[in-house]
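Here is the structure we will look at.
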Amino acid sequence: MNFLITGANGDIAISICRILKNEFKKSIIEGTDIKTDGPGEFQFKKIHKITSPRNKNYLNEMLKISKKSKIIIPTTEEEIIFFSKNQKKFKNKLILVNSYKIIQIFSSKFKTYNFLNKNKFGVPSFCEKLNNLKKFNKTFFLKKDFGHGNKNYKVVRTAAQFKKIKINDKKNWIAQEYLDENYKEYTCAIIKLRNYENAIILNRKLDKGYTYYAEVVEDVHLNKILLNIAKKINLCGSINVQIKINQQRYAIFEINPRLSSTVMMRNKMGFKDLVWWINYLVFKKKPTSITKIKKYKMIKFSKEKFI
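FYI, in the numbering used here the residues of the sequence shown are 90 to 396.
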(Lines of atoms letter the chains of each structure in order from A and count residues from 1; the text may use other names and numbers.)
(Lines give C-alpha, C1' and ligand atoms only; values in the text may rest on other atoms or scores of the structure.)
Protein backbone atom coordinates (compact mmCIF):
# COMPACT_ATOMS: atom_id res chain seq x y z
CA MET A 1 0.00 0.00 0.00
CA ASN A 2 1.05 3.57 -0.59
CA PHE A 3 0.54 5.95 2.33
CA LEU A 4 0.66 9.74 2.44
CA ILE A 5 0.95 11.32 5.89
CA THR A 6 0.58 15.07 6.47
CA GLY A 7 2.56 17.08 9.01
CA ALA A 8 5.50 14.78 8.31
CA ASN A 9 7.95 16.55 10.63
CA GLY A 10 5.63 16.32 13.62
CA ASP A 11 5.95 13.70 16.34
CA ILE A 12 2.56 12.10 15.58
CA ALA A 13 3.34 11.69 11.87
CA ILE A 14 6.78 10.25 12.62
CA SER A 15 5.29 7.73 15.08
CA ILE A 16 2.67 6.71 12.53
CA CYS A 17 5.36 6.28 9.87
CA ARG A 18 7.42 4.04 12.15
CA ILE A 19 4.40 1.86 12.95
CA LEU A 20 3.47 1.51 9.28
CA LYS A 21 7.01 0.48 8.37
CA ASN A 22 6.79 -2.34 10.88
CA GLU A 23 3.18 -3.42 10.26
CA PHE A 24 2.93 -2.95 6.47
CA LYS A 25 6.47 -3.78 5.43
CA LYS A 26 6.14 -3.50 1.65
CA SER A 27 4.42 -0.13 1.75
CA ILE A 28 5.68 3.15 0.33
CA ILE A 29 5.29 5.91 2.90
CA GLU A 30 5.59 9.54 1.86
CA GLY A 31 4.75 12.71 3.72
CA THR A 32 3.78 16.34 3.27
CA ASP A 33 4.85 19.37 5.28
CA ILE A 34 5.32 23.12 4.91
CA LYS A 35 9.05 22.38 5.03
CA THR A 36 10.95 19.38 3.70
CA ASP A 37 13.85 19.46 6.15
CA GLY A 38 13.30 18.23 9.66
CA PRO A 39 13.21 15.02 11.73
CA GLY A 40 10.73 13.41 9.34
CA GLU A 41 13.24 13.34 6.47
CA PHE A 42 14.99 10.41 8.18
CA GLN A 43 11.77 8.37 8.30
CA PHE A 44 9.80 9.03 5.11
CA LYS A 45 10.77 7.96 1.60
CA LYS A 46 10.00 11.51 0.50
CA ILE A 47 8.48 14.66 2.01
CA HIS A 48 6.56 16.89 -0.40
CA LYS A 49 6.57 20.59 0.39
CA ILE A 50 3.05 21.98 0.60
CA THR A 51 1.18 25.11 1.61
CA SER A 52 -1.18 25.52 4.56
CA PRO A 53 -4.81 24.29 4.26
CA ARG A 54 -5.77 27.96 4.58
CA ASN A 55 -4.12 28.58 1.21
CA LYS A 56 -6.42 28.39 -1.84
CA ASN A 57 -3.84 26.21 -3.64
CA TYR A 58 -3.80 23.52 -0.95
CA LEU A 59 -6.54 21.34 -2.46
CA ASN A 60 -4.96 21.18 -5.92
CA GLU A 61 -1.52 20.56 -4.42
CA MET A 62 -2.83 17.66 -2.34
CA LEU A 63 -4.78 16.18 -5.26
CA LYS A 64 -1.58 16.16 -7.33
CA ILE A 65 0.72 14.84 -4.58
CA SER A 66 -1.69 12.08 -3.53
CA LYS A 67 -2.23 10.60 -7.00
CA LYS A 68 -0.19 7.46 -6.25
CA SER A 69 -1.38 7.10 -2.64
CA LYS A 70 -4.08 4.70 -1.52
CA ILE A 71 -4.43 6.04 2.04
CA ILE A 72 -4.07 9.63 3.29
CA ILE A 73 -3.49 10.15 7.02
CA PRO A 74 -3.81 13.79 8.12
CA THR A 75 -2.17 14.54 11.48
CA THR A 76 -2.41 18.31 12.04
CA GLU A 77 -5.63 19.90 13.33
CA GLU A 78 -6.15 22.16 10.31
CA GLU A 79 -5.57 19.33 7.84
CA ILE A 80 -7.85 16.97 9.75
CA ILE A 81 -10.65 19.54 9.51
CA PHE A 82 -9.88 20.11 5.81
CA PHE A 83 -10.01 16.41 4.89
CA SER A 84 -13.16 15.78 6.92
CA LYS A 85 -14.86 18.50 4.84
CA ASN A 86 -13.41 17.48 1.48
CA GLN A 87 -13.28 13.68 1.45
CA LYS A 88 -15.46 13.39 -1.65
CA LYS A 89 -12.99 15.45 -3.69
CA PHE A 90 -10.36 12.74 -3.20
CA LYS A 91 -11.96 10.04 -5.34
CA ASN A 92 -10.70 6.48 -4.86
CA LYS A 93 -8.65 7.58 -1.83
CA LEU A 94 -9.11 6.23 1.69
CA ILE A 95 -8.71 8.93 4.32
CA LEU A 96 -8.04 8.04 7.96
CA VAL A 97 -10.19 10.73 9.52
CA ASN A 98 -13.22 10.88 11.81
CA SER A 99 -16.57 12.27 10.73
CA TYR A 100 -16.92 16.01 10.21
CA LYS A 101 -19.47 16.19 13.06
CA ILE A 102 -17.04 14.62 15.55
CA ILE A 103 -14.21 16.88 14.43
CA GLN A 104 -16.39 20.01 14.60
CA ILE A 105 -17.33 19.28 18.21
CA PHE A 106 -14.00 18.16 19.60
CA SER A 107 -11.71 20.60 17.81
CA SER A 108 -13.17 23.26 20.12
CA LYS A 109 -12.72 22.91 23.89
CA PHE A 110 -15.81 25.07 24.44
CA LYS A 111 -17.99 22.88 22.17
CA THR A 112 -16.47 19.76 23.78
CA TYR A 113 -17.45 21.01 27.24
CA ASN A 114 -21.01 21.84 26.16
CA PHE A 115 -21.49 18.50 24.41
CA LEU A 116 -20.21 16.44 27.36
CA ASN A 117 -22.10 18.52 29.93
CA LYS A 118 -25.36 18.25 27.97
CA ASN A 119 -24.95 14.46 27.80
CA LYS A 120 -24.17 14.21 31.52
CA PHE A 121 -20.51 13.19 31.30
CA GLY A 122 -18.16 14.56 33.97
CA VAL A 123 -16.57 17.89 33.02
CA PRO A 124 -14.79 20.83 34.70
CA SER A 125 -17.20 22.95 36.79
CA PHE A 126 -16.98 25.76 34.26
CA CYS A 127 -15.67 26.53 30.79
CA GLU A 128 -16.36 29.97 29.33
CA LYS A 129 -15.21 32.01 26.36
CA LEU A 130 -12.76 34.60 27.68
CA ASN A 131 -14.68 37.49 26.08
CA ASN A 132 -17.76 36.51 28.15
CA LEU A 133 -15.86 36.44 31.45
CA LYS A 134 -16.39 39.88 32.98
CA LYS A 135 -14.74 39.35 36.36
CA PHE A 136 -12.50 36.89 38.18
CA ASN A 137 -14.30 34.40 40.45
CA LYS A 138 -12.11 31.33 40.68
CA THR A 139 -8.68 30.10 39.58
CA PHE A 140 -8.81 28.99 35.97
CA PHE A 141 -6.75 27.60 33.13
CA LEU A 142 -6.41 30.05 30.23
CA LYS A 143 -6.31 28.07 26.97
CA LYS A 144 -6.76 28.48 23.24
CA ASP A 145 -10.18 27.15 22.26
CA PHE A 146 -8.80 25.53 19.10
CA GLY A 147 -5.78 23.25 19.11
CA HIS A 148 -4.26 20.82 21.57
CA GLY A 149 -1.21 20.47 23.78
CA ASN A 150 0.00 22.81 26.53
CA LYS A 151 1.43 25.61 24.40
CA ASN A 152 0.41 29.10 25.63
CA TYR A 153 -1.54 27.68 28.58
CA LYS A 154 -1.53 29.77 31.73
CA VAL A 155 -3.03 29.44 35.22
CA VAL A 156 -4.81 32.64 36.34
CA ARG A 157 -5.04 32.66 40.13
CA THR A 158 -5.98 36.21 41.14
CA ALA A 159 -8.14 39.14 40.08
CA ALA A 160 -4.95 41.15 39.55
CA GLN A 161 -3.65 38.54 37.05
CA PHE A 162 -7.03 38.53 35.33
CA LYS A 163 -6.91 42.29 34.79
CA LYS A 164 -3.45 42.00 33.24
CA ILE A 165 -4.55 39.57 30.51
CA LYS A 166 -3.87 41.28 27.20
CA ILE A 167 -5.39 39.23 24.39
CA ASN A 168 -6.99 40.80 21.34
CA ASP A 169 -8.94 37.76 20.10
CA LYS A 170 -10.57 36.84 23.42
CA LYS A 171 -13.38 34.94 21.66
CA ASN A 172 -10.75 32.36 20.62
CA TRP A 173 -9.66 31.70 24.21
CA ILE A 174 -11.40 29.92 27.07
CA ALA A 175 -11.30 30.02 30.86
CA GLN A 176 -11.59 26.45 32.19
CA GLU A 177 -11.69 25.27 35.80
CA TYR A 178 -8.16 24.65 37.05
CA LEU A 179 -7.94 21.05 38.22
CA ASP A 180 -5.05 21.18 40.66
CA GLU A 181 -2.39 18.74 41.84
CA ASN A 182 -4.98 16.76 43.84
CA TYR A 183 -6.20 15.31 40.54
CA LYS A 184 -4.49 12.49 38.65
CA GLU A 185 -4.34 12.97 34.90
CA TYR A 186 -5.02 10.13 32.47
CA THR A 187 -4.88 9.98 28.69
CA CYS A 188 -7.25 7.51 27.13
CA ALA A 189 -7.65 6.22 23.59
CA ILE A 190 -10.95 4.83 22.30
CA ILE A 191 -11.49 2.90 19.10
CA LYS A 192 -14.83 1.79 17.71
CA LEU A 193 -15.30 0.02 14.39
CA ARG A 194 -18.96 -0.96 14.00
CA ASN A 195 -19.56 -3.49 16.80
CA TYR A 196 -15.91 -3.68 17.88
CA GLU A 197 -14.97 -1.27 20.67
CA ASN A 198 -11.97 -0.97 22.95
CA ALA A 199 -10.26 1.59 25.16
CA ILE A 200 -6.93 2.02 26.91
CA ILE A 201 -6.27 4.19 29.98
CA LEU A 202 -2.76 5.50 30.57
CA ASN A 203 -1.35 7.22 33.62
CA ARG A 204 1.28 9.50 32.15
CA LYS A 205 3.88 12.08 33.09
CA LEU A 206 4.57 15.10 30.91
CA ASP A 207 7.53 17.32 30.16
CA LYS A 208 6.76 20.46 28.10
CA GLY A 209 3.58 18.84 26.80
CA TYR A 210 5.20 15.54 25.77
CA THR A 211 4.60 12.18 27.44
CA TYR A 212 7.80 10.64 28.77
CA TYR A 213 6.22 8.02 31.03
CA ALA A 214 3.01 6.02 30.69
CA GLU A 215 1.52 3.07 32.57
CA VAL A 216 -1.61 1.09 31.73
CA VAL A 217 -4.40 1.54 34.28
CA GLU A 218 -7.33 -0.84 34.73
CA ASP A 219 -10.54 0.96 35.71
CA VAL A 220 -13.83 -0.75 34.85
CA HIS A 221 -15.97 2.32 35.62
CA LEU A 222 -13.86 4.70 33.55
CA ASN A 223 -13.67 2.19 30.70
CA LYS A 224 -17.47 2.08 30.62
CA ILE A 225 -17.64 5.89 30.46
CA LEU A 226 -15.21 5.95 27.53
CA LEU A 227 -17.17 3.37 25.54
CA ASN A 228 -20.40 5.27 26.27
CA ILE A 229 -18.81 8.36 24.69
CA ALA A 230 -17.94 6.30 21.60
CA LYS A 231 -21.56 5.12 21.31
CA LYS A 232 -22.96 8.62 21.85
CA ILE A 233 -20.96 10.13 18.99
CA ASN A 234 -21.36 7.09 16.70
CA LEU A 235 -17.59 6.76 16.49
CA CYS A 236 -16.03 4.81 13.64
CA GLY A 237 -12.32 5.37 14.21
CA SER A 238 -10.07 6.47 17.06
CA ILE A 239 -10.11 9.46 19.44
CA ASN A 240 -8.07 10.56 22.45
CA VAL A 241 -9.65 11.64 25.76
CA GLN A 242 -7.88 13.71 28.43
CA ILE A 243 -9.31 13.29 31.91
CA LYS A 244 -8.51 14.22 35.52
CA ILE A 245 -9.77 12.28 38.53
CA ASN A 246 -9.74 12.66 42.32
CA GLN A 247 -11.64 10.78 45.03
CA GLN A 248 -14.84 12.77 44.48
CA ARG A 249 -15.16 13.23 40.73
CA TYR A 250 -13.82 12.83 37.24
CA ALA A 251 -13.60 15.64 34.67
CA ILE A 252 -12.99 15.26 30.94
CA PHE A 253 -11.22 18.48 29.97
CA GLU A 254 -10.23 17.76 26.37
CA ILE A 255 -10.92 15.33 23.52
CA ASN A 256 -8.64 15.09 20.48
CA PRO A 257 -10.62 13.79 17.46
CA ARG A 258 -7.57 12.03 15.99
CA LEU A 259 -4.68 9.71 16.69
CA SER A 260 -2.59 11.19 19.50
CA SER A 261 1.10 11.47 20.33
CA THR A 262 0.98 8.27 22.42
CA VAL A 263 0.07 6.19 19.35
CA MET A 264 3.50 4.50 19.33
CA MET A 265 3.35 3.73 23.04
CA ARG A 266 -0.10 2.22 22.64
CA ASN A 267 0.99 0.16 19.65
CA LYS A 268 3.88 -1.37 21.58
CA MET A 269 1.54 -2.12 24.49
CA GLY A 270 -0.76 -4.09 22.16
CA PHE A 271 -3.42 -1.42 21.62
CA LYS A 272 -2.94 -1.10 17.86
CA ASP A 273 -5.68 1.41 17.06
CA LEU A 274 -3.83 2.79 14.01
CA VAL A 275 -3.43 -0.69 12.47
CA TRP A 276 -6.99 -1.76 13.35
CA TRP A 277 -8.41 1.40 11.80
CA ILE A 278 -6.43 0.92 8.57
CA ASN A 279 -7.37 -2.76 8.30
CA TYR A 280 -11.02 -1.86 8.74
CA LEU A 281 -10.82 0.97 6.20
CA VAL A 282 -9.05 -1.16 3.56
CA PHE A 283 -10.26 -4.71 4.18
CA LYS A 284 -13.34 -4.20 6.42
CA LYS A 285 -11.44 -6.39 8.86
CA LYS A 286 -12.03 -5.94 12.60
CA PRO A 287 -10.18 -7.42 15.58
CA THR A 288 -11.99 -10.64 16.46
CA SER A 289 -11.93 -10.12 20.24
CA ILE A 290 -11.10 -7.60 22.94
CA THR A 291 -7.32 -7.38 22.84
CA LYS A 292 -5.56 -8.05 26.14
CA ILE A 293 -3.29 -5.07 26.73
CA LYS A 294 0.19 -5.81 28.02
CA LYS A 295 0.70 -4.51 31.55
CA TYR A 296 3.94 -2.70 30.88
CA LYS A 297 5.23 0.56 32.15
CA MET A 298 6.87 2.57 29.42
CA ILE A 299 9.40 5.34 29.34
CA LYS A 300 9.82 7.43 26.21
CA PHE A 301 13.15 9.08 25.59
CA SER A 302 14.57 9.05 22.05
CA LYS A 303 13.15 5.54 21.74
CA GLU A 304 10.52 3.62 23.70
CA LYS A 305 11.68 1.29 26.44
CA PHE A 306 9.73 -1.22 28.46
CA ILE A 307 10.55 -1.54 32.16
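Ideal Cβ placement from N, Cα and C applies to all residues, glycine included.
Here Val212 has Tyr202, Leu205, Asn206, Ala340 and Ile341 as same chain residues with Cβ atoms under 7 Å from its own Cβ, once five neighbours each way along the sequence are excluded.
Per DSSP, Gln337 lies in no alpha helix (DSSP H) and is assigned neither H nor E. For Thr164, there is no enclosing beta strand (DSSP E), as DSSP marks it with neither H nor E.
Ranked by Cα distance from Gly236, the options Ser155, Tyr272, Ile318 and Arg347 are led by Arg347. For Thr276, the beta-bridge partners assigned by DSSP are Leu291 and Gln331.
Nearest to Glu168 by alpha-carbon distance, out of Ala97, Glu304, Phe131 and Ile279, is Ala97. Membership of Gln265 in any alpha helix (DSSP H) is not indicated; the residue belongs instead to the beta strand (DSSP E) covering Trp262 to Glu266. Per DSSP, Glu130 is not a residue of any alpha helix (DSSP H), being assigned neither H nor E. Here Ser196 is buried. Its C-beta has 16 or more other C-beta atoms within 10 Å. Boundaries around Thr201 are those of the alpha helix (DSSP H), Lys198 to Lys207, since no beta strand (DSSP E) includes it. In this structure, DSSP gives Lys281 an extended state, which the three-state scheme calls strand. Here Ala264 is buried, its C-beta having at least 16 other C-beta atoms within 10 Å. Ranking His137, Gln132, Phe131 and Gly326 by CA distance to the CA of Lys124 puts His137 first. Each residue's CA atom was taken as its position, placing Ser173 and Ile256 some 30 Å apart.
In the three-state reduction of the DSSP assignment, Phe342 falls in the strand class. Judged by beta-carbon spacing, Glu150 lies within the 8 Å limit of Thr140, meaning their Cβ atoms are closer than that value.
When rounded, the separation of the alpha-carbon atoms in Lys159 and Thr351 is 25 Å. Non-local beta-carbon contacts of Tyr147 in its own chain, meaning distances under 6 Å to residues more than five positions away in sequence, involve Thr140 in chain order.
Beyond the five residues adjoining it in sequence on each side, Val245 comes within less than 6 Å, by CB distance, of Phe229, Leu231 and Phe251 in the same chain, given in chain order. For Cys106, the uninterrupted alpha helix (DSSP H) run begins and ends at Asp100 to Glu112, by DSSP.
Of the candidates Gly326, Asn287 and Gln336, Asn287 places its Cα closest to the Cα of Gly359.
Between the stretch 173-186 and the stretch 214-228 there are fewer than three C-beta pairs closer than 8 Å, too few to call the two in contact. Distances from the alpha-carbon of Ala278 to those of Leu109, Val306 and Gln336 put Val306 closest. Contact between Phe92 and Ile118 holds: their C-beta atoms lie close to 5 Å from each other, under 8 Å.
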